[in-house]
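A.B. asks:
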Amino acid sequence: MDGLFGPRLACMIGALMLCATALAASTSEQAQEELVLSVELMVDPNATLDVETAAQAEFLPVDHTMTLGYSRAAYWLRLRILPAPDGEEVVLLIRPPLLDDVRLYAPVPIMTEGAGPPSARRYQLRSADWPSPLRGYRLTPPPGGADYLVRLESAGSIAASVTARTRDGALRITLITDLVQIGYFIVMLVLLVWALRMLAVTNEYLFAWFSAMQGVWLVHNFLAFGYGATLLPGVDRETLNVMFRSAVILAAILSVTFHRAFLSRFRPAPLALRMFDLQVAIMLGALVIFWVLDRRLALQINAYCIVATPFVFLACILTARHDASPGLLTTRVIYAVLSASLLLWLFSLLGFRTTRVSALYGFMIHGMTTGVLMFIILHLHGLKLVAEAGAAADRIAEIEHQRRIQEEKTRTLAQFISMLTHESRNALSVINMSISGHVLGARQRQRVAGAIKGLTGVIDRCNQTVLLDGDGLVPAREDCDLAAILHSLRADAVEYWRISLRADGQTVIPGDPVLLGVIFGNLLDNALKYSPPDSDVSVAVEPDGDGISVLFANLEGAAGRPDPDQLFEKYYRSNRAKAQIGSGLGLYVVRGLVDRLGGQIAYLPTDDRIEFRVWFPC
Numbered sequence: 100m101d102g103l104f105g106p107r108l109a110c111m112i113g114a115l116m117l118c119a120t121a122l123a124a125s126t127s128e129q130a131q132e133e134l135v136l137s138v139e140l141m142v143d144p145n146a147t148l149d150v151e152t153a154a155q156a157e158f159l160p161v162d163h164t165m166t167l168g169y170s171r172a173a174y175w176l177r178l179r180i181l182p183a184p185d186g187e188e189v190v191l192l193i194r195p196p197l198l199d200d201v202r203l204y205a206p207v208p209i210m211t212e213g214a215g216p217p218s219a220r221r222y223q224l225r226s227a228d229w230p231s232p233l234r235g236y237r238l239t240p241p242p243g244g245a246d247y248l249v250r251l252e253s254a255g256s257i258a259a260s261v262t263a264r265t266r267d268g269a270l271r272i273t274l275i276t277d278l279v280q281i282g283y284f285i286v287m288l289v290l291l292v293w294a295l296r297m298l299a300v301t302n303e304y305l306f307a308w309f310s311a312m313q314g315v316w317l318v319h320n321f322l323a324f325g326y327g328a329t330l331l332p333g334v335d336r337e338t339l340n341v342m343f344r345s346a347v348i349l350a351a352i353l354s355v356t357f358h359r360a361f362l363s364r365f366r367p368a369p370l371a372l373r374m375f376d377l378q379v380a381i382m383l384g385a386l387v388i389f390w391v392l393d394r395r396l397a398l399q400i401n402a403y404c405i406v407a408t409p410f411v412f413l414a415c416i417l418t419a420r421h422d423a424s425p426g427l428l429t430t431r432v433i434y435a436v437l438s439a440s441l442l443l444w445l446f447s448l449l450g451f452r453t454t455r456v457s458a459l460y461g462f463m464i465h466g467m468t469t470g471v472l473m474f475i476i477l478h479l480h481g482l483k484l485v486a487e488a489g490a491a492a493d494r495i496a497e498i499e500h501q502r503r504i505q506e507e508k509t510r511t512l513a514q515f516i517s518m519l520t521h522e523s524r525n526a527l528s529v530i531n532m533s534i535s536g537h538v539l540g541a542r543q544r545q546r547v548a549g550a551i552k553g554l555t556g557v558i559d560r561c562n563q564t565v566l567l568d569g570d571g572l573v574p575a576r577e578d579c580d581l582a583a584i585l586h587s588l589r590a591d592a593v594e595y596w597r598i599s600l601r602a603d604g605q606t607v608i609p610g611d612p613v614l615l616g617v618i619f620g621n622l623l624d625n626a627l628k629y630s631p632p633d634s635d636v637s638v639a640v641e642p643d644g645d646g647i648s649v650l651f652a653n654l655e656g657a658a659g660r661p662d663p664d665q666l667f668e669k670y671y672r673s674n675r676a677k678a679q680i681g682s683g684l685g686l687y688v689v690r691g692l693v694d695r696l697g698g699q700i701a702y703l704p705t706d707d708r709i710e711f712r713v714w715f716p717c
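Heads up: the sequence shown is residues 100 to 717, going by this note's numbering.
As structure tokens, this is what we get:
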């Protein structure tokens, strides 16, 4: 996971929230353009009054923005709307756009006898005709203004705001509202994409629940902002209302489920978690009631379940018995802020007097606050998960590395035992056959001596390999005469007469005489063993650049040519070479010792000869 992704996202969220604040301030600065002179409210408890009767009822003054909560009553507003100063049309905007039943009754002026002004004695139902997700009406109030009636009824909580502006003013409000809502959608969508990305990276179930919650919340807001009617023109308002209210309950269920999953990691008291379970059960019941019985009752039940949520949060974080990421203190602070945001929204849902912004867009504030706060704690949690996953991967890699080393050691040991058993059996078989005649002749004695020498060579190679593979081999640094070492080895060879030695120029290098003897001895033994009987083996010592090269050459024997790719591997022997006693370690030891001395070895076959060139620096 990119460690900078989280900070970048946080910066983007902050920038968008600042832009939204600036746009909201711009809207407030336009308050002087308000053409609604007064707002009055009348409650119709049984929702039975017609417009003529309602017009004669007693109204009480209220604010332009009101929160009425859940009720089966109908609410009537009487708006005194002034004409535009320049005589242009007036646009009445009623928010939020997704109220179940909104009816505007415009006065029909009736001219009186004489020169007096017209009076409004009856009202005509008007349809919204403003091209925007906001519910808007184009009006032409007479000079001095007129009274308009608005009837509100909804299965959900009723929060409404009314404003009348000139056409240009309404366009500005619409634009600002759209920009704020688009910014909000972008933030919520980015949080959803981030959660899905984290889910793919960590495979953590918390991100799955958060993604589901964000997805349903986006649908909820899409409908709440009024974009459903704009982008789905073929869907009637009743269907959109049903979709919206269903999303309200489903979002609450997913939110509670997510918070339960997150807080359960802190091991709170079992009773606190059972309270979450009870909430989910009741909300599922409310969803069934919404679809089958009574929508208003279902939404009220859901709202009162949400009211309990801050207290369940408190119970969980105060009874936590385990510290989990991102830390108990951080979690407590974040859930305290989240609870305050939730209560602010609930006040407007239940009809308590709140600020204009919280009344209309309490769900938006809560959704943004929840998304951002959960992003913070989940981002911290995700970073810990990624770090733990990285550490676990490192541990697994180390275990796998050690396993491969152990397997290689086991394989090598098996090869060694197999080789040693085979070669020992061959040597002992030769000895047994030779002594079975009781009296050893010259031929038998020669075979016994050869078998014993071969077995001794195997043992020597094994010892050399053990030293080479271990850490105890430290080469000496002294002047070594390569020609002298080779002459000594030639003199000790059984078939010394086959070895021709030539040395030109400087033959002294700094090195380890013992290791040089092992290198040259192995190469001479190989040349004598695998070349045709009685054929010459040539050895040449000559200057070569900044060092000295030693060339070993012999004719190809019955064993054939070795595989260049496996030649220097441990225990490698060609199939034709296995007829003779050997360990398959000679050239492996040679290459290892040459490397320890800072030299180089190369296999240089020609058409009819096998050659090895060993180079050492002076």
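For every residue, glycine included, the Cβ atom is placed at its ideal position computed from N, Cα and C.
How many angstroms separate the CA atom of Ala360 from the CA atom of Leu428?
C.D. replies: In the sequence shown, residue 360 corresponds to position 261, counting from 1. In the sequence shown, residue 428 corresponds to position 329, counting from 1. C-alpha separation (whole angstroms): 18 angstroms.
A.B. asks: For the candidate residues Pro642, Gln605, Asp580, Ala639, whose alpha-carbon lies nearest to that of Val613?
C.D. replies: For the purposes of this step, residue 613 is identified with residue 514 of the sequence shown, where counting begins at 1. The shortest Cα separation from Val613 among Pro642, Gln605, Asp580, Ala639 belongs to Asp580.
A.B. asks: Spatial neighbours of Arg690 within its chain, please: C-beta separation below 7 angstroms, excluding the five flanking residues on both sides.
C.D. replies: Here residue 690 refers to the residue found at position 591 when the sequence shown is read from its first residue. The answer, listed in chain order, is Phe667, Ile700.
A.B. asks: Nearest-angstrom Cα distance between Gly235 and Leu159?
C.D. replies: For this step, residue 235 is matched to residue 136 along the sequence shown. For this step, residue 159 is matched to residue 60 along the sequence shown. One C-alpha to the other measures close to 24 angstroms.
A.B. asks: Tell me, which residues are paired with Val189 by DSSP?
C.D. replies: One-based indexing of the sequence shown puts residue 189 at position 90. The partner list for Val189 (beta bridge, DSSP) reads Leu238, Thr265.
A.B. asks: Determine the extent of the beta strand (DSSP E) in which Glu252 is found, giving its start and end residues.
C.D. replies: To locate residue 252, count along the sequence shown from 1; it is residue 153. Here the beta strand (DSSP E) through Glu252 covers 245 to 252.
A.B. asks: One question on the structure: do Pro642 and Gly610 come within less than 8 angstroms of each other, judged by their Cβ atoms?
C.D. replies: Taking the sequence shown and counting its residues from 1, one reaches residue 642 at position 543. Taking the sequence shown and counting its residues from 1, one reaches residue 610 at position 511. No, Cβ-Cβ distance for Pro642 and Gly610 is not below 8 angstroms.
A.B. asks: Comparing C-alpha positions only, which one of Arg202, Tyr169, Thr265, Ala380 sits nearest to Pro240?
C.D. replies: Indexing the sequence shown from 1 puts residue 240 at position 141. Residue Thr265 is the option with its Cα nearest to Pro240.
A.B. asks: Curious, which full-length alpha helix (DSSP H) runs of at least 4 residues does the region 319 to 396 contain?
C.D. replies: With a minimum length of 4 residues, the continuous alpha helix (DSSP H) runs that stay inside the region 319 to 396 are 326 to 330, 336 to 362, 369 to 391.
A.B. asks: Among the residues of its own chain, which have a CB less than 6 angstroms from the CB of Ala123, if the five just before and after it don't count?
C.D. replies: By 1-based counting over the sequence shown, the position of residue 123 is 24. Caution is warranted here: a pLDDT of 49 is assigned to Ala123, below 50, making its placement in the model unreliable, and no coordinate value can be reported.
A.B. asks: Do Ala259 and Leu248 have their C-beta atoms within less than 8 angstroms of each other?
C.D. replies: In the sequence shown, counting from the first residue as 1, residue 259 sits at position 160. In the sequence shown, counting from the first residue as 1, residue 248 sits at position 149. No. Outside cutoff.
A.B. asks: Return yes when the Cβ of Asn401 is within less than 8 angstroms of the Cβ of Ala414, no when it is not.
C.D. replies: On the sequence shown, position 315 is the one that residue 414 refers to. On the sequence shown, position 302 is the one that residue 401 refers to. No.
A.B. asks: In its own chain, which residues sit with a C-beta less than 8 angstroms from the C-beta of Arg576, not counting the 5 before and 5 after it?
C.D. replies: Your numbering for residue 576 matches position 477 in the sequence shown. Correct list, in chain order: Pro609, Gly610, Asp611.
A.B. asks: Quick check on the burial criterion: 16 or more other C-beta atoms within 10 angstroms. Buried or exposed for Ile709?
C.D. replies: What you label residue 709 is simply residue 610 of the sequence shown in a count that begins at 1. So Ile709 ends up on the buried side.
A.B. asks: Could you tell me whether the Cβ atoms of Tyr283 and Met463 are closer together than 8 angstroms?
C.D. replies: Locating residue 283 in the sequence shown gives position 184, counting from the first residue. Locating residue 463 in the sequence shown gives position 364, counting from the first residue. Yes, the Cβ-Cβ distance between Tyr283 and Met463 is below 8 angstroms.
A.B. asks: What did DSSP end up calling Thr120 once you bin it into helix, strand or coil?
C.D. replies: For the purposes of this step, residue 120 is taken as residue 21 along the sequence shown, with counting starting at 1. Since pLDDT at Thr120 reaches only 46, below the 50 mark, its modelled position is unreliable, and the value read off the structure follows with that caveat. If DSSP states are grouped into helix, strand and coil, Thr120 belongs with the helices.
A.B. asks: Judging by CA-CA distance, which residue of Asp200, Leu684, Val406, Asp694 is the nearest neighbour of Arg225?
C.D. replies: The sequence position of residue 225 within the sequence shown is 126, counting from 1. Comparing Cα positions, the closest option is Asp200.
A.B. asks: When the Cα of Arg66 is compared with those of Ala254, Glu337, Gly616, Val315, which residue comes out closest?
C.D. replies: Look at the range of the chain in this structure, 100 to 717, and you will see that residue 66 is not part of it.
A.B. asks: Over what stretch of residues does the beta strand (DSSP E) that includes Phe619 continue unbroken?
C.D. replies: Within the sequence shown, numbered from 1, the residue matching residue 619 stands at position 520. Phe619 -> not in any beta strand (DSSP E); alpha helix (DSSP H) instead, spanning 612 to 629.
A.B. asks: Would you grab the beta carbon distance between Ala407 and Met382 for me? Rounded to a whole angstrom, and I think it's under 8 angstroms.
C.D. replies: Residue numbering aside, residue 407 sits at position 308 when the sequence shown is read from its first letter. Residue numbering aside, residue 382 sits at position 283 when the sequence shown is read from its first letter. Not quite, the Cβ-Cβ distance comes to about 11 angstroms (not below 8 angstroms), so this is no contact.
A.B. asks: Which same chain residues end up closer than 6 angstroms to Gly656 when comparing Cβ atoms and leaving out the 5 residues on each side of it in sequence?
C.D. replies: What you label residue 656 is simply residue 557 of the sequence shown in a count that begins at 1. The answer, listed in chain order, is Tyr629, Ser630, Pro631.
A.B. asks: Are Val411 and Phe375 close, meaning C-beta to C-beta below 8 angstroms?
C.D. replies: Numbered from its first residue, the sequence shown carries residue 411 at position 312. Numbered from its first residue, the sequence shown carries residue 375 at position 276. Against a cut-off of 8 angstroms, the Cβ pair of Phe375 and Val411 comes out as a contact.
A.B. asks: Can you find the residues in the same chain that come closer than 8 angstroms, C-beta to C-beta, to Ser599, ignoring five residues on each side of it along the sequence?
C.D. replies: The residue you call residue 599 lines up with position 500 of the sequence shown. So the list reads Asp635, Val636, Ser637, Val638, once near-sequence residues are dropped.
A.B. asks: Can the beta-carbon of Gly620 be found less than 8 angstroms from the beta-carbon of Leu650?
C.D. replies: Within the sequence shown, numbered from 1, the residue matching residue 620 stands at position 521. Within the sequence shown, numbered from 1, the residue matching residue 650 stands at position 551. Against a cut-off of 8 angstroms, the Cβ pair of Leu650 and Gly620 comes out as no contact.
A.B. asks: Once the 5 residues before and after Ala346 are set aside, which same chain residues still bring their CB inside 7 angstroms of it?
C.D. replies: Within the sequence shown, numbered from 1, the residue matching residue 346 stands at position 247. Val315, Val318, His319, Leu322.
A.B. asks: So, using beta-carbon positions, are Pro663 and Tyr702 closer together than 8 angstroms?
C.D. replies: If you number the sequence shown from 1, residue 663 lands on position 564. If you number the sequence shown from 1, residue 702 lands on position 603. Yes, they are a contact pair.
A.B. asks: Helix, strand or coil for Gln223, going by three-state DSSP, please let me know.
C.D. replies: On the sequence shown, residue 223 is found 124 positions in, with the first residue counted as 1. Strand, per DSSP.
A.B. asks: Is the CB-CB distance between Val189 and Pro196 below 8 angstroms?
C.D. replies: Taking the sequence shown and counting its residues from 1, one reaches residue 189 at position 90. Taking the sequence shown and counting its residues from 1, one reaches residue 196 at position 97. Taking 8 angstroms as the Cβ cut-off, Val189 and Pro196 do not qualify as a contacting pair.
A.B. asks: Check whether the region 298 to 311 touches the region 471 to 483, counting contact only when three or more Cβ pairs, one atom from each stretch, lie closer than 8 angstroms.
C.D. replies: A contact exists between the region 298 to 311 and the region 471 to 483.
A.B. asks: Taking a contact to mean a Cβ-Cβ separation below 8 angstroms, would you say Ala205 touches Leu238 in this structure?
C.D. replies: Taking the first residue of the sequence shown as 1, we reach residue 205 at position 106. Taking the first residue of the sequence shown as 1, we reach residue 238 at position 139. Contact: yes.
A.B. asks: In this structure, what does DSSP give as the bridge partners for Val135?
C.D. replies: Position 36 of the sequence shown, counted from the first residue, corresponds to residue 135. DSSP output for Val135 lists Ile180 as bridge partner(s).
A.B. asks: Within this structure, are the beta carbons of Ala173 and Asp149 separated by less than 8 angstroms?
C.D. replies: Position 74 of the sequence shown holds residue 173. Position 50 of the sequence shown holds residue 149. Result no, Cβ atoms of Ala173 and Asp149 do not sit closer than 8 angstroms.
A.B. asks: Below 8 angstroms between beta carbons: does that hold for Ala156 and Tyr222?
C.D. replies: Taking the sequence shown and counting its residues from 1, one reaches residue 156 at position 57. Taking the sequence shown and counting its residues from 1, one reaches residue 222 at position 123. Contact: no.
A.B. asks: Can you give me the start and stop residues for the alpha helix (DSSP H) that Asp591 sits inside?
C.D. replies: Position 492 of the sequence shown, counted from the first residue, corresponds to residue 591. Here the alpha helix (DSSP H) through Asp591 covers 581 to 591.
A.B. asks: Going by DSSP, what residue range makes up the alpha helix (DSSP H) through Val688?
C.D. replies: Walking along the sequence shown from the start, residue 688 turns up at place 589. It spans 685 to 695 - the alpha helix (DSSP H) in which Val688 sits, taken as one unbroken run.
A.B. asks: Going by the CB atoms, is the gap between Leu191 and Val261 shorter than 8 angstroms?
C.D. replies: The residue you call residue 261 lines up with position 162 of the sequence shown. The residue you call residue 191 lines up with position 92 of the sequence shown. It is a contact, given that the beta carbons lie within the stated cut-off.
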